[in-house]
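Below is one structure, written out as structure tokens; the observations come after it.
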Amino acid sequence: MIEADKSLLQDVVKYLSDNVQCQVTKLSVPGEQRNILTFPNLEIHINEQAVYHNGILVPLTHHEFFTLLYLSQHPTWVLSKEQIYEAVWKADPEHCGAAVANVVYSLRRKIGDGYIETVIGSGYKFVG
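If you're matching positions, the sequence shown starts at 1 in UniProt numbering and goes up one per residue.
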């Protein structure tokens, strides 16, 4: 790896570790491994495809869960609606229309406005 690239990567990792409040917790459960992303007042249980807000289970659709998961796995990244659509719907984003915006709107109603930020003209980012 080129030294400049290595230095840049180290700077990015340091910035993220200093500024993003996210913790991946791996719990030992007999017979299975559970992964949980933890943010203030929000837990995303990956294996169970469950989300808890303030300790209360939040019922989410398939697209809502995987949109939230995708955004939360890329904290502070600005992701376009096309990137989100392609990752979550597993389809060509050319005709994604308002699907992503509708899912983000629904997520905000269910978990609050403080987790997903709109970046006008660019897309969305998770700020949990």
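The beta-carbon is built from N, C-alpha and C at its ideal position, and this holds for glycine as well.
query, result
"Excluding sequence positions up to five away, which residues of its chain have a Cβ less than 7 Å from the Cβ of Gly31?", "Only weak support is given to the placement of Gly31: the predicted model assigns it a pLDDT of 38, under 50, and the question is left unresolved by the model."
"Mapping the DSSP letters down to three states, classify Leu42 as helix, strand or coil.", "strand"
"Who are the near neighbours of Asp116 in its chain, counting only those whose CB is closer than 7 Å to its CB and skipping five residues on each side?", "First, the amino acid is wrong: residue 116 is Ile here, not Asp. Only Leu71, Val104, Leu107, Arg108, Tyr124, Phe126 meet the Cβ criterion."
"Could you pull the start and end residues of the beta strand (DSSP E) that Ala50 belongs to?", "50-53"
"Give me, in chain order, the residues of the same chain whose beta-carbon lies closer than 8 Å to that of Ala91; leave out the 5 immediate sequence neighbours on both sides.", "Tyr85"
"Give the DSSP-derived three-state secondary structure of Lys110 in the structure shown.", "helix"
"Going by C-alpha distance, which of Ser122, Val119, Gly112, Ile120 is nearest residue 156?", "The structure shown does not extend to residue 156, since the chain spans only 1 to 128, so no value can be given for it."
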